[in-house]
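Here the UniProt record's numbering is used: position 206 in the sequence shown is 206, and no number is missing along the way. Beta carbons: idealized from backbone N, C-alpha and C, even for Gly. Because the structure is a prediction, the values reported are computed rather than measured.
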Amino acid sequence: MTVLEQPGAYRPTPPPGWEPRVDAAPLLPDAEPYRLLGTAAAADISPDLLTRLHRELVRGRRYNTQATALTRQGRLAVYPSSTGQEACQVAAGLVLEDRDWLFPSYRDTLAAVVRGLDPVDALTLLRGDWHSGYDPHIHRVAPLCTPLATQLPHAVGLAHAARLKGDDVVALALVGDGGTSEGDFHEALNFAAVWHAPVVFLVQNNGFAISVPLAKQTAAPSLAHKAVGYGMPGRLVDGNDAAAVHEVLAEAVRRARGGGGPTLVEAVTYRIEAHTNADDATRYRPDSEVEAWRAHDPIALLEEAMRDRHLLDDEGIRAARESAERLAADLRTRMHQDPVLDPMALFEHVYADRTSQLREQAAQLRAELDAEAADAGEGE
Ligand SMILES: Cc1ncc(C[n+]2csc(CCOP(=O)(O)OP(=O)(O)O)c2C)c(N)n1
Ligand SMILES: [Mg+2]
């Protein structure tokens, strides 16, 4: 007699009246990433949107190269570049209303800047300064999360709370392909679907989690397929097609705002640079692969589509590049100024009421700083 044959054993038969809550078919992503640029449907995209996307893509690329240069000059501790992923960053930065919230990871500073954050403030954490570097409430951009996928349950909590309060707010949470293997990814998507929370998850599948390729990360047909198991729609989109990413995200945001619940969007893209300035990507991927992706460059794709519709000429490209140079020059100048920091600020915003240990440490630091200042005074 097997365990299952024993009297009173668990029987894996569904209870009477049990039915799957939804038909899985409408939740499944397309077999191929959705594209707009270069298709007949591109003729219907608003010229204003294309111009906005183009300007931000060009500025975004320049922002990435400037931030990487700042790491070489010792002005930034680390920079995870989003070069090659600008279409996702720009679409995510533009698609939300002011009242919505963006939940970025360490690679998503550009999305935060496009949403309105000061470029210097967006880099504060990566410079190694204390705390997040900006007030999350001003532009409704949550602090950049370095622990993978932790931003996802935060986003779900905020979205669910907003819904309970009757606020018309949507949360957009960004995560990488590697982040989808984290427990937080599962917990966030499950809660979001069960609670019908107004949240959109954007997975930027850039092929790698540092040196680990997607094939070693998952055996799923696509990351978008994971949505079905949670009971939410999965969408697969070409992550280098800025218009397509914007459209898919805009649809998902509309759905969430209208009470339709969460969506998981997988944008297929590629990280052109190394993981960060501290990584050597030539050790785990061939140059030929990088070159193949350069041929599918988000800026080139958009420029071609806009030229086809006579929405962009050499003058338009020059204007976008000039705007990008101004952004880079301002970033350079301000990042080369040494910030004036008060070491005592280390103890702020830790506890509302300081613990006895913190009080003791703060007093010790105060005494050391005072002694240093007195020494410096005597030396003069
Ligand atoms: C919980 C946690 N585990 C490990 C790390 C170390 N780590 C930093 S980035 C990274 C790779 C993440 O890859 P992916 O999610 O694909 O994002 P990408 O860097 O490609 O944007 C890892 C493992 C971390 N930051 N947090
Ligand atoms: Mg990745």
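Beta carbon of residue i, beta carbon of residue j: below 8 Å?
| i | j | result |
| --- | --- | --- |
| Leu89 | Gly60 | Reading off the sequence, residue 89 comes out as Gln, not Leu. Yes. Within cutoff. |
| Arg45 | Ala319 | According to the sequence shown, residue 45 is Ile rather than Arg. Not in contact: Ile45 and Ala319 (Cβ atoms no closer than 8 Å). |
| Gly234 | Leu264 | yes |
| Leu144 | Leu125 | yes |
| Pro117 | His131 | A small correction: the amino acid at residue 117 is Leu; Pro does not occupy that position in the sequence shown. No; because the gap between Cβ atoms is not below 8 Å, this pair is not in contact. |
| Met232 | Leu50 | no |
| Arg309 | Ala43 | yes |
| Thr83 | Ile299 | no |
| Val237 | Tyr34 | yes |
| Glu266 | Asn205 | yes |
| Ala193 | Tyr230 | yes |
| Leu36 | Asp241 | yes |
Less than 6 Å between C-beta atoms, sequence neighbours within five positions excluded: which residues of the same chain meet that for residue i?
| i | result |
| --- | --- |
| Ala188 | Leu152, Pro153 and Val156 |
| Leu331 | Gln66 and Pro119 |
| Glu56 | Val90 and Val114 |
With 16 as the cutoff for other CB atoms within 10 Å, does residue i come out buried or exposed?
| i | result |
| --- | --- |
| Ala142 | buried |
| Ile210 | exposed |
| Ala92 | buried |
| Val22 | exposed |
| Gly258 | exposed |
| Met335 | buried |
| Leu164 | exposed |
| Leu369 | exposed |
| Leu79 | First, the amino acid is wrong: residue 79 is Tyr here, not Leu. The residue is buried, with at least 16 neighbouring Cβ atoms inside 10 Å. |
Does the distance between the C-beta of residue i and the nearest non-hydrogen atom of ligand 1 fall short of 7 Å?
| i | result |
| --- | --- |
| Pro147 | yes |
| Pro80 | yes |
| Asp177 | yes |
| Glu182 | yes |
| Arg285 | no |
| His275 | yes |
| Arg271 | yes |
Please list, in chain order, all residues of the same chain as residue i whose beta carbon is under 7 Å from its beta carbon, the five residues on each side excluded.
| i | result |
| --- | --- |
| Ala220 | Lys226 |
| Ala274 | Asp280 and Ala281 |
Starting from residue i, trace the beta strand (DSSP E) in both directions and tell me its first and last residue.
| i | result |
| --- | --- |
| Asp64 | Here the sequence assigns Asn to residue 64, which means Asp is not the residue at that position. Element bounds for Asn64: not the beta strand (DSSP E) but the alpha helix (DSSP H), Pro47 to Arg72. |
| residue 396 | Shown here, the chain extends from 1 to 380; a query on residue 396 therefore has no answer. |
| Phe103 | Trp101 to Phe103 |
| Leu202 | Val199 to Asn205 |
| Asp313 | Looking at the DSSP string, Asp313 is not in any beta strand (DSSP E), and its letter there is neither H nor E. |
At a threshold of 7 Å, does residue i count as lining ligand 2 (C-beta to nearest heavy atom)?
| i | result |
| --- | --- |
| residue 390 | One cannot answer for residue 390 here, as it falls past the ends of the chain, which runs 1 to 380. |
| Ala224 | no |
| Ala209 | yes |
Is there a C-beta anywhere in chain B that falls below 8 Å from the one on residue i?
| i | result |
| --- | --- |
| Asp129 | Absent here is chain B; the protein component of the structure consists of one chain. |
Can you list, in chain order, the residues of its chain whose CB lies under 8 Å from that of residue i, leaving out five sequence neighbours each side?
| i | result |
| --- | --- |
| Val228 | Ala24, Leu27, Leu28 and Gly234 |
| Val212 | Gly178 |
Could you spell out the range, first to last residue, of the alpha helix (DSSP H) harbouring residue i?
| i | result |
| --- | --- |
| Gly157 | Gln151 to Lys165 |
| Val90 | Glu86 to Val95 |
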